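For reference, the structure is listed below as structure tokens.
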Amino acid sequence: MRNLVQNIADDFFEILRYDKKDWYKYWKKYSEKHEPIIHNYEERLDLSQEQVKELLDELRRPLLDSLMQYWHETSRDQKLYCSKLVSHRHDLFQLQREDFSIILTGLLGLKDWVVVEGNRENVILIDLLSLYKKGIIDKVAEVTFQAVKSFRDGMYTGDYIPKQELFIRLTHEIDKILEKHNLADSMKMICELLYSNVAYYDWVGFYLVDQNKANELVLGPFVGEPTEHVRIPFGKGICGQAAATGMTFLVQDVSRETNYLSCSPKVKAEIVVPIKLSEKIFGELDIDSHVLNPFDESDDRFLNTICEKISKKMRSDTEWK
Ligand code: SME
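If you read the sequence shown in the numbering used here, its first letter stands for residue 99, the second for the next number, and so on.
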């Protein structure tokens, strides 16, 4: 497989070997070495050479020093995590088109990510300096995921959307979906929305209680790899336990859960939230993640809000009465 993610930050950190007054001179060298991407980056952000000089003048050496140190300690893992998050959405991001690659490096700290034309393909540049200044340098992979998603949506530059903000935006989207579509279509669209926007939601699906055979769940709309667990009795696996207790079931590490039905060895964590109709279990929302320990209270709250909204829609929809 081609090298989807490259790390050229060392070429940027080379600037630290120069006297501050020569930083612009070095920037030009860096630009030449990576022709045409740095030049196209300046164009994309509409920067004059005067502005580039000013930005380099304002840059503090200790800040770059500490970024370099941090990056040397973590770059291997962060780059791997980046490749993983993007390649696990192979279909969604249409990786087979091979029309983009990702470069992690230092730039001028203005935007978290910028897409430019490279020699052969589009290049999604992730600016480590911008992330470091905002205190989100540990989010390189999540930023990259959002950048690829936004690029596919037709955007060329942007900033990281923090999880809380993302969940607010997605909740609004879900309100619109539920307002416009019937329940079955809404559920499918909610799966797609969550799967394509939350980097660590690697399988998103609904299980519904079988109306003819109580105490058994049947697979409903889902997005992600097909699962063999099409029917699950109450009490079995994480889904069955959530159905039996009527409570959210959160497992941060599935290898520690004995009553667990595995769908794929890639799955590391799972959360299941019940959907209730007048205190009776109607179904549940199930999320699998390929990341260990990915969920926190905000996921719990967000997913519970979605399930309450679905339940509300069911109550008001005549088709389900
Ligand atoms: N892991 C689940 C089975 C369903 S899949 O995750 C889609 C469980 O233990 O119930």
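We put the CB at the ideal spot given by N, CA and C, even for glycine.
Because the structure is a prediction, the values reported are computed rather than measured.
beta-carbon residue i near ligand 3 non-hydrogen atom, thresh 7 Å
i: C361; result: The model on display carries ligand 1 but not ligand 3.
Alpha carbon of residue i to alpha carbon of residue j, nearest angstrom
i: S409; j: T269; result: 15 Å
i: K177; j: T356; result: 32 Å
i: L183; j: D386; result: 14 Å
i: F400; j: L114; result: 44 Å
i: A107; j: E395; result: 34 Å
i: T255; j: S376; result: 46 Å
i: L223; j: E196; result: 16 Å
i: R250; j: R354; result: 37 Å
i: C361; j: A340; result: 17 Å
i: A239; j: Y179; result: 6 Å
i: L317; j: I373; result: 14 Å
i: F393; j: I272; result: 20 Å
i: M166; j: E141; result: 26 Å
i: L143; j: D236; result: 24 Å
i: R267; j: K123; result: 43 Å
i: Y116; j: W125; result: 10 Å
i: K286; j: S146; result: 47 Å
i: K231; j: K407; result: 38 Å
i: D210; j: R413; result: 43 Å
i: W169; j: L154; result: 20 Å
i: I379; j: V307; result: 7 Å
i: N402; j: Q309; result: 23 Å
Spatially closest choice to residue i from the options, by CA coordinates
i: V365; options: V349, D155, I136 and P372; result: V349
i: G381; options: T172, G344 and R100; result: G344
i: Q149; options: I113, L208 and R100; result: L208
i: I420; options: T242, K119, W169 and D120; result: Because the chain spans 99 through 419 in this model, residue 420 falls outside it and cannot be assessed.
i: I259; options: L157, L281, D273 and L229; result: L229
i: D415; options: A282, K126 and C361; result: A282
i: D397; options: K411, T346, I379 and K378; result: T346
i: Q194; options: K232, G204, E219 and K261; result: E219
i: S248; options: V213, I266, K231 and D225; result: V213
i: V302; options: N313, A312 and T325; result: T325
i: S294; options: K278, L264 and L202; result: L264
i: E156; options: W121, L292 and D308; result: W121
i: F191; options: K127, E112 and Q244; result: Q244
i: L442; options: F198, S164, F111 and K261; result: In the structure as shown, the chain begins at 99 and stops at 419. Residue 442 is therefore absent and cannot be evaluated.
i: C289; options: I404, L161 and R100; result: I404
8 Å Cβ shell around residue i - same chain, five flanking residues per side excluded
i: G335; result: H327, N357, Y358 and L359
i: H388; result: K182, H186, Y298, D300, K364, V365 and K366
i: G252; result: none
i: R159; result: L114 and K118
i: K151; result: Y122
Cutoff 7 Å; reference residue i; Cβ partners in own chain excluding five residues on either side
i: K131; result: D109
i: C337; result: Y305, L315, I330, V370, E382 and D384
i: V352; result: Y358, V365, K366, A367 and E368
i: Y136; result: According to the sequence provided, residue 136 is Ile. The question's Tyr does not apply to it. So the list reads Y128 and S129, once near-sequence residues are dropped.
DSSP-derived helix/strand/coil call for residue i
i: I379; result: strand
i: G338; result: helix
i: K411; result: helix
i: T255; result: strand
i: V212; result: strand
i: Q350; result: coil
i: K419; result: Residue placement at K419 cannot be trusted, given a pLDDT of 47 that sits under 50; what the coordinates show is reported in the next sentence. Residue state, collapsed to three classes: coil.
i: H168; result: Correcting the residue type first, residue 168 is Tyr in the shown sequence and not His. If DSSP states are grouped into helix, strand and coil, Y168 belongs with the helices.
i: R329; result: strand
i: D424; result: Residue 424 cannot be examined here, being either before or after the span of the chain that is shown, 99 to 419.
i: T356; result: coil
i: S387; result: strand
i: V371; result: strand
Contact set for residue i: own chain, Cβ-Cβ below 6 Å, skip 5 residues either direction
i: S173; result: N105
i: S98; result: What is shown of the chain runs 99 to 419, which leaves residue 98 out entirely.
i: W418; result: Per-residue confidence for W418 stands at a pLDDT of 46, beneath the threshold of 50, marking its modelled position as unreliable; the derived number appears in the next sentence. Excluding positions up to five away in sequence, the list reads M412.
i: L292; result: Y299 and V302
Length-filtered (4 minimum) alpha helix (DSSP H) runs lying within the stretch 224-251: 226-232 and 238-250
Any alpha helix (DSSP H) of 4 or more consecutive residues that is wholly inside the stretch 101-136: 107-111 and 121-131
Segments of 4+ residues assigned as alpha helix (DSSP H) that fall wholly inside the stretch 266-327: 281-295
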